[in-house]
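Below: one structure, written as structure tokens.
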Amino acid sequence: MSNSKKKTVLIQSMDALTDDVFSMWLKDEEIAANATPGQFVSLYCNEGSRLLPRPISICEIDKAVGAIRLVYRVVGKGTEEFSKMKKGDTIEVMGPLGNGFPLDNEGKKVILIGGGIGIPPMLELSKHLTGEKQVVLGYRDELFLEKEFESYGKVYISTEDGSVGTKGNVIDAIKENGLDAEVIYACGPTPMLRGIKAYAIEHGITAWLSLEEKMACGIGACLACVCKSKEVDHHTNVDNKRICKEGPVFNALEVEL
Amino acid sequence: MSNSKKKTVLIQSMDALTDDVFSMWLKDEEIAANATPGQFVSLYCNEGSRLLPRPISICEIDKAVGAIRLVYRVVGKGTEEFSKMKKGDTIEVMGPLGNGFPLDNEGKKVILIGGGIGIPPMLELSKHLTGEKQVVLGYRDELFLEKEFESYGKVYISTEDGSVGTKGNVIDAIKENGLDAEVIYACGPTPMLRGIKAYAIEHGITAWLSLEEKMACGIGACLACVCKSKEVDHHTNVDNKRICKEGPVFNALEVEL
Amino acid sequence: MNTKVNLAGVILNNPVMTASGTFGSGAEYSDFVDLNRLGAVVTKGVANIPWKGNPTPRIAETYGGMLNAIGLQNPGIDVFVERDIPFLKKYDTKIIVNVCGKTTEDYCEVVERLADEKVDLLEINISCPNVKEGGIAFGQNPNSIEQITKEMKKRAKQPIIMKLSPNVTDITEMAKAAEAGGADVLSLINTLTGMKIDVNKRAFALANKTGGLSGPAIKPIAVRMVYQVANAVKLPIIGMGGIQNAEDALEFIMAGATAVSVGTANFYNPYATIEVVEGIEEYLKKNHIDNIQNLIGCVK
Amino acid sequence: MNTKVNLAGVILNNPVMTASGTFGSGAEYSDFVDLNRLGAVVTKGVANIPWKGNPTPRIAETYGGMLNAIGLQNPGIDVFVERDIPFLKKYDTKIIVNVCGKTTEDYCEVVERLADEKVDLLEINISCPNVKEGGIAFGQNPNSIEQITKEMKKRAKQPIIMKLSPNVTDITEMAKAAEAGGADVLSLINTLTGMKIDVNKRAFALANKTGGLSGPAIKPIAVRMVYQVANAVKLPIIGMGGIQNAEDALEFIMAGATAVSVGTANFYNPYATIEVVEGIEEYLKKNHIDNIQNLIGCVK
Ligand SMILES: Cc1cc2nc3c(=O)[nH]c(=O)nc-3n(C[C@H](O)[C@H](O)[C@H](O)COP(=O)(O)OP(=O)(O)OC[C@H]3O[C@@H](n4cnc5c(N)ncnc54)[C@H](O)[C@@H]3O)c2cc1C
Ligand SMILES: Cc1cc2nc3c(=O)[nH]c(=O)nc-3n(C[C@H](O)[C@H](O)[C@H](O)COP(=O)(O)OP(=O)(O)OC[C@H]3O[C@@H](n4cnc5c(N)ncnc54)[C@H](O)[C@@H]3O)c2cc1C
Ligand SMILES: Cc1cc2nc3c(=O)[nH]c(=O)nc-3n(C[C@H](O)[C@H](O)[C@H](O)COP(=O)(O)O)c2cc1C
Ligand SMILES: Cc1cc2nc3c(=O)[nH]c(=O)nc-3n(C[C@H](O)[C@H](O)[C@H](O)COP(=O)(O)O)c2cc1C
Ligand code: FES
Ligand code: FES
């Protein structure tokens, strides 16, 4: 048996970080005990017309309390439904799912990169890395979570409109600040990840990327969520890897973006 | 424009009368102002997989407060959903719908008959009739609402298991108590109404019956909820009457049961 | 912003219509919505003589949809012409009369009777799954579709909409047959044949055993068929099946529908048609699209 | 209480199986449910060689259902035989292998390769709407159904289940063709072809444009088809399409299915299969029915 269950859990808190980004803590000792940074959970809607899971990365893990934090943006009907839930309500969740970021980096100098709603999983990760940590956060406009990173590393910000930090994207911020590293960890939109992969290859940096795809089962059974892999995958026997099962975190060299 | 609207209204109270019979007051001045005894409302589920209305008779009307009372039995998923709602929640409702009982009976001696979950609409009706009122309530086993009728008329009870009042059905109770009347008003399961119709014809009593059928629109547009009528109906031009529009209350002689 | 659309020369103020059988002849819903705001009202199917329809229960709820087996109850063309057309003429909306029949002759009689009435289009229902004769029997065979379309065209003074059944292997074959028969417009989809069993009563939920499935549950099938037909024939298409909001309507329009009909949604939201009209206007505004024409079939 | 059912001589402990493609080869769900409790596990379609499947996005949510266009990605029969059959053999459940192919030869190769493997039944998928060649092309024509069924029967050592497509005018014609070809069991329904458009992106939701609609939304269509087929042929039927609880499963059984498959529901409730098994047992107990046999096709 794996460590993943589907269950109904208590919402401990629900807070708006911006107009459309929400933070919630879910109470569940088992999930908290088993979770590692970069893993995700599947959230389910109460509304019966919406059947499929909403995969959400784990933003923080409080093993002492037995709770996990999720930070999500309202982009459609499902996340809208979640945003209307309140402390004390319950929600269906399955997890933890997938494989998180590798943590065996022995004090290497790293850059953690989060783009938009890819920022949340970087927070828990930043607590687990032991070397010098540079955190690059890319936003369209409104900032969230940026202060919470400050205790774990030096934070650099890019905004598309240039209202804060570097005007442009995360790569622009890395260049502007002359950052270098042995390892990059990143989560964000595919074009950003593509850019980071190219940058990492160019500079000989190891890069771990967290990918995204539409999911149905979340546990590797339906083959909905594949990405192209460089080599034939052990499980699928074709050059497709399941993001929910082998991922969501991949070495940049393993996958085609 | 008719007096009927679809709107979201406040639930003022929700109480269990028995294990599976619930009473709720809905706050809406407009509906309360327009409603008459024997009319019904359509209740809608929040759950998006259940689209159709749940027609529920109006049990009481409080014009002063601007509220209506509904009493319903949990028989399926929709009524179960309602039963879990709480005071302070809101619910979608359309109404008042249909035509209630005729109230111009000029002090005639009447019997009001309610069978099972057909009992609730009799309560408001009993307040509006001016003659001698005999109330016959038929239950399978557990009683509800029976006390509330006592201030409006003499109450006779039948139960299938004989635990209270006459053992048997409402006709048995009428016979056992030797009741007679000029007019009968009745609501309940079709076999009961069929029995009442026969009884009324036999004894030359005018009978008004409230019928039931599955509904989709609740306002006369879809032709789902018809009953057979004795004569060609003015609207449909066939011998079918729409229960939601021409009914739910019909003169027993108008309809075939 | 231009929301006008053209169905065989008839210009609708906007592409939003009602689906036949879900809106009566408009009278009941006129208590809830201003019929002047609708592109067209499509009336409940009418035959040459009054029909009683099927026994009850005639409907059953299903997951995200419903089954109906009304059986085309209707008051007959005479009452319809005397009562329902004059009612609708009071409004600034187009009138589309949905026509049903058991035999080709029945259909012909209705169409001839309507020839000199002030109605804008006739929609020929050859796709009702709930009556034994007529209806779907005509709608599942390309030859009979072409044949009956020709008969209609011979007699009708108004442009003819052929309403297609989704209960077929290849919807484009049926669409092409209607086009070959001279149809002016196609409308799709009618309901999908379905069944529900009450496991506690161990009985069919509908007296008719089977019924037509409608509502949001069927939308993906309807959008697919509209897309296929739009790419197979040159006729304008009225798209329907599960539309409950403007997004749904726009899916059909982008798939290739010139107009759309709101059906089952009226039952649970009597304001649905108007909300679709307003939602489309908002979408056009927000996306700086000045003519709805630009959206029709824009997804290829 | 007897919940055993007989599919062409293969006795299942209970009528509850998994629907192909929604349960992998059982390994992933074995973390959630005890496979020993299932009547049978039906594996994801497998071809003679590995298939990559379609580009992503491969799925989209719809109202009360979902679209998929996985495109039959599979590791090929060799890996399947080496890895997946031994895994399933550890459990006290029947093994049903779902077979797909682009050509008749592909199907034949897989069936021959499986002849000496310890699997109980073969389910031939001639109804996948998501691949260009093979799949549904075979499943919409009675002649080709009969033909391919015969080819399968010639080569197979296990009984053959033909899996039918609902995207046809008359499902009974297809069922009869499979029966004529010698099929031992029929399973229905596969998915209905559907489409979703993202109106904000003005693009198809699926890379493949169309996909197969599954989930509770389609149940009424599936129940109707099972009922029609049960009344048209003598073969046992595996019913599926939108089953999410015991009531749903019982609808299919009362309509005439000998066994049922749970598909899409696994995705949102990994315990769904077991809940169906337990719910059926409760129903039998509550209603004092000592043999499930008495419910098969009991609603006429
Ligand atoms: C591994 C992983 C981790 C994620 N972590 C986060 C996170 O921490 N915070 C956050 O805000 N978002 C995250 N996302 C994206 C999030 O899953 C979607 O924003 C969400 O599912 C949208 O649901 P909706 O109902 O609001 O949108 P709708 O568009 O209405 O959803 C319709 C369907 O599409 C799916 N879907 C829509 N967008 C996406 C997407 N980007 N990725 C996958 N499925 C999608 C939904 O799950 C649903 O099945 C993550 C996605 C993945 C795959
Ligand atoms: C005019 C009228 C007045 C009514 N008044 C009352 C009342 O005061 N109190 C009360 O408890 N019940 C009343 N009923 C019955 C009530 O409508 C049903 O019990 C209720 O709709 C069941 O909903 P459900 O979702 O719990 O059951 P389900 O069986 O899950 O419902 C499935 C579908 O069938 C319909 N349905 C099921 N049973 C009935 C029924 N008996 N009549 C009509 N539609 C039905 C539902 O509305 C829904 O569309 C009345 C019915 C009518 C027609
Ligand atoms: C209760 C009901 C009655 C219908 N009656 C007719 C009819 O008389 N003629 C017709 O062509 N279609 C009829 N239809 C089909 C609808 O017009 C429409 O094609 C179908 O319901 C799909 O659209 P929807 O999902 O929006 O309801 C009827 C549908 C319903 C639900
Ligand atoms: C993601 C997915 C993959 C599927 N793959 C297959 C397959 O490989 N072979 C097959 O015969 N059917 C396949 N199907 C169809 C299902 O087995 C089933 O027939 C259909 O989904 C209807 O059942 P449901 O509504 O319970 O899901 C697939 C369905 C889904 C949703
Ligand atoms: S979501 Fe099913 S395999 Fe990943
Ligand atoms: S419910 Fe539609 S006519 Fe009565």
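Protein sequences, first through last, are from chains A, B, C and D. In case it helps, my numbering puts the first sequence at residues 17 to 273. In case it helps, my numbering puts the second sequence at residues 17 to 273. In case it helps, my numbering puts the third sequence at residues 120 to 419. In case it helps, my numbering puts the fourth sequence at residues 120 to 419. Glycine included, C-beta positions come from ideal geometry on N, C-alpha and C. Please read all numbers here as calculations on a predicted model, not as lab measurements.
- Quick one: give me the first and last residue of the beta strand (DSSP E) that B:Q150 is part of. For the purposes of this step, residue 150 of chain B is taken as residue 134 along the second sequence, with counting starting at 1. From DSSP, the beta strand (DSSP E) with B:Q150 extends over 149-155.
- Using a beta-carbon distance below 9 Å, is A:A189 in contact with chain D? The residue you call residue 189 of chain A lines up with position 173 of the first sequence. Taking Cβ atoms only, chain D never reaches closer than 9 Å to A:A189, which makes this a no.
- Query: In chain A, which residues lie with their C-beta within 8 Å of the C-beta of B:S315?
  - Reply: The shown model of chain B, from 17 to 273, leaves out residue 315 of chain B, and the question about it has no answer.
- Task: Inspect the beta-carbon positions of C:I255 and C:S284 and report whether they are closer than 9 Å.
- Result: On the third sequence, residue 255 of chain C is found 136 positions in, with the first residue counted as 1. On the third sequence, residue 284 of chain C is found 165 positions in, with the first residue counted as 1. Their beta carbons are under 9 Å apart, which means C:I255 touches C:S284 by this criterion.
- Message: According to DSSP, A:L42 sits in a beta bridge with which residue or residues?
- Response: Position 26 of the first sequence, counted from the first residue, corresponds to residue 42 of chain A. Per DSSP, A:I27, A:I84.
- May I have the straight-line CA-CA distance separating D:M400 from D:V124, to the nearest angstrom? Along the fourth sequence, one-based indexing puts residue 400 of chain D at 281. Along the fourth sequence, one-based indexing puts residue 124 of chain D at 5. Note that residue 400 of chain D corresponds to Glu in the displayed sequence, not to Met. Those two C-alpha atoms are separated by around 13 Å.
- Item | Any C-beta of chain D under 9 Å from that of A:D255 | Working through the first sequence from its first residue, we reach residue 255 of chain A at position 239. A:D255 counts as touching chain D.
- Under three-state DSSP, which class holds A:I107? The count along the first sequence starts at 1 and reaches residue 107 of chain A at position 91. Note: A:I107 maps to strand in three-state DSSP.
- Message: Am I right that C:L305 and C:V342 are in contact with their C-beta atoms under 8 Å? What's the rounded C-beta distance?
- Response: Your numbering for residue 305 of chain C matches position 186 in the third sequence. Your numbering for residue 342 of chain C matches position 223 in the third sequence. Between C:V342 and C:L305 the Cβ distance is about 15 Å, and since that is not below 8 Å, they are no contact.
- Query: Where does B:S179 sit, in a helix, a strand or coil, going by DSSP?
  - Reply: Against the second sequence, residue 179 of chain B aligns to sequence position 163. In the structure shown, B:S179 sits in coil (DSSP, three-state: anything other than H, G, I, E or B).
- Leaving out the 5 sequence neighbours to the left and right, which residues in its chain are closer than 7 Å to A:L273 when beta-carbon positions are compared? Counting from 1 along the first sequence, the entry for residue 273 of chain A is found at position 257. These residues qualify, in order along the chain: T206, L209, R210, K213.
- What residue from D:K404, D:V379, D:L369, D:F323 has the CA that sits closest to C:F371's CA? Start at 1 with the first residue of the third sequence, and residue 371 of chain C comes out as number 252. When only C-alpha atoms are compared, the closest one is D:F323.
- Message: From the DSSP secondary-structure annotation, give me the bridge partner or partners of A:D78.
- Response: Working through the first sequence from its first residue, we reach residue 78 of chain A at position 62. According to DSSP, which records beta bridges pairwise, A:D78 is partnered with A:A83.
- Message: Using a Cβ-Cβ cutoff of less than 8 Å, which residues in the same chain neighbour B:M17 once the five nearest sequence positions on both sides are dropped?
- Response: Residue mapping note: residue 17 of chain B aligns to position 1 of the second sequence, counting from 1. In this prediction, B:M17 has a pLDDT of 42, which is less than 50 and means its spatial position is unreliable; what the coordinates show is noted afterwards. Closer than 8 Å at the Cβ level, and outside the excluded window around B:M17, lies no residue.
- Who are the near neighbours of D:D211 in its chain, counting only those whose CB is closer than 6 Å to its CB and skipping five residues on each side? Looking up residue 211 of chain D in the fourth sequence gives position 92. N155, listed in sequence order.
- Message: Between D:G183 and chain C, is any beta-carbon pair separated by less than 9 Å?
- Response: Taking the fourth sequence and counting its residues from 1, the one referred to as residue 183 of chain D is at position 64. True, the Cβ-Cβ gap to chain C drops below 9 Å.
- Item | Proximity test, B:P71 beta-carbon vs ligand 2 heavy atom, cut-off 8 Å | To locate residue 71 of chain B, count along the second sequence from 1; it is residue 55. At least one heavy atom of ligand 2 is nearer than 8 Å to the Cβ of B:P71, so yes.
- Task: Give the interface partners of C:C417 over in chain D, defined as CB-CB distance under 7 Å, in chain order.
- Result: Your numbering for residue 417 of chain C matches position 298 in the third sequence. Simply R321.
- Spatial distance of B:K21 from B:I77 (CA atoms): The count along the second sequence starts at 1 and reaches residue 21 of chain B at position 5. The count along the second sequence starts at 1 and reaches residue 77 of chain B at position 61. Roughly 17 Å separates the two Cα atoms.
- Query: Which one of B:R66, B:D120, B:A197, B:K191 has the shortest CA to CA distance from C:A384?
  - Reply: As a first step, residue 384 of chain C is located in the third sequence; it is residue number 265 there, counting from the start. Among B:R66, B:D120, B:A197, B:K191, the Cα nearest to that of C:A384 is on B:R66.
- Item | Inter-residue CB distance, C:I337 and B:A240 (contact presumed, cutoff 8 Å) | Here the question's residue 337 of chain C lines up with position 218 in the third sequence. Here the question's residue 240 of chain B lines up with position 224 in the second sequence. Going by Cβ atoms, the distance from C:I337 to B:A240 rounds to 18 Å, so no, they are not a contact pair.
- Report the neighbours of B:E63 on chain A: residues whose CB is nearer than 9 Å to its CB, in chain order. As a working mapping, residue 63 of chain B is identified with position 47 in the second sequence. What B:E63 touches in chain A: N62, E63, G64, S65.
- Query: Can you list the alpha helix (DSSP H) stretches of 4 or more residues lying completely in the segment 249-284 of chain C, in chain order?
  - Reply: 255-258, 261-274
- Message: Between D:G164 and D:S139, how many whole angstroms is the CB-CB distance? I'm expecting something under 8 Å.
- Response: Taking the first residue of the fourth sequence as 1, we reach residue 164 of chain D at position 45. Taking the first residue of the fourth sequence as 1, we reach residue 139 of chain D at position 20. Indeed, because the Cβ distance is near 6 Å, the residues count as touching under 8 Å.
- Task: Quick one: residues in its chain with C-beta nearer than 7 Å to the C-beta of A:E140, no 5 flanking neighbours on either side, listed in chain order?
- Result: Along the first sequence, read from residue 1 onward, the residue named residue 140 of chain A stands at position 124. Hits under 7 Å: P53, I74, C75, E76, I77.
- For A:R89, which of helix, strand or coil comes out of DSSP? In the first sequence, the residue the question calls residue 89 of chain A occupies position 73. Here A:R89 sits in strand by DSSP.
- May I ask you to verify whether the segment 82-102 of chain B touches the segment 260-272 of chain B, counting CB pairs closer than 8 Å and requiring at least 3? no
- Query: Applying a beta-carbon distance threshold of less than 7 Å, which residues of chain C neighbour B:V91?
  - Reply: Within the second sequence, residue 91 of chain B is the residue found at index 75, counting from 1. Within chain C, no residue comes near B:V91; the closest Cβ sits about 10 Å away, beyond 7 Å.
- What are the boundary residues of the beta strand (DSSP E) that includes D:N385? Counting from one through the fourth sequence, the residue named residue 385 of chain D turns up at place 266. Looking at the DSSP string, D:N385 is not in any beta strand (DSSP E); the run it does join, the alpha helix (DSSP H), is 384-387.
- Is D:M293 near ligand 4, judged by its Cβ being under 8 Å from some heavy atom? As a position in the fourth sequence, residue 293 of chain D is number 174, starting the count at 1. The answer is no for D:M293.
- Query: Considering D:C227, what are the terminal residues of the alpha helix (DSSP H) in which it resides?
  - Reply: On the fourth sequence, position 108 is the one that residue 227 of chain D refers to. First-last of the alpha helix (DSSP H) with D:C227: 223-233.
- Does ligand 1 have even one heavy atom less than 8 Å from the beta-carbon of B:S65? In the second sequence, counting from the first residue as 1, residue 65 of chain B sits at position 49. No - ligand 1 has no heavy atom lying nearer than 8 Å to the Cβ of B:S65.
- Message: Can you check whether the C-beta of C:Y390 is within less than 9 Å of a C-beta belonging to chain B?
- Response: Residue numbering aside, residue 390 of chain C sits at position 271 when the third sequence is read from its first letter. Interface residue, yes.
- Task: Measure the alpha-carbon distance for B:A202 versus A:S58 and round it to whole angstroms.
- Result: What you label residue 202 of chain B is simply residue 186 of the second sequence in a count that begins at 1. What you label residue 58 of chain A is simply residue 42 of the first sequence in a count that begins at 1. Between B:A202 and A:S58, the C-alpha separation is close to 52 Å.
- Message: By the three-class DSSP mapping on this structure, what secondary structure does B:M101 have?
- Response: Residue 101 of chain B sits at position 85 when you count from the first residue of the second sequence. DSSP places B:M101 in coil when its eight states are reduced to three.
- When the distance is taken between beta carbons, is D:A159 closer than 9 Å to D:D239? Position 120 of the fourth sequence, counted from the first residue, corresponds to residue 239 of chain D. Position 40 of the fourth sequence, counted from the first residue, corresponds to residue 159 of chain D. Yes, Cβ-Cβ distance for D:D239 and D:A159 is below 9 Å.
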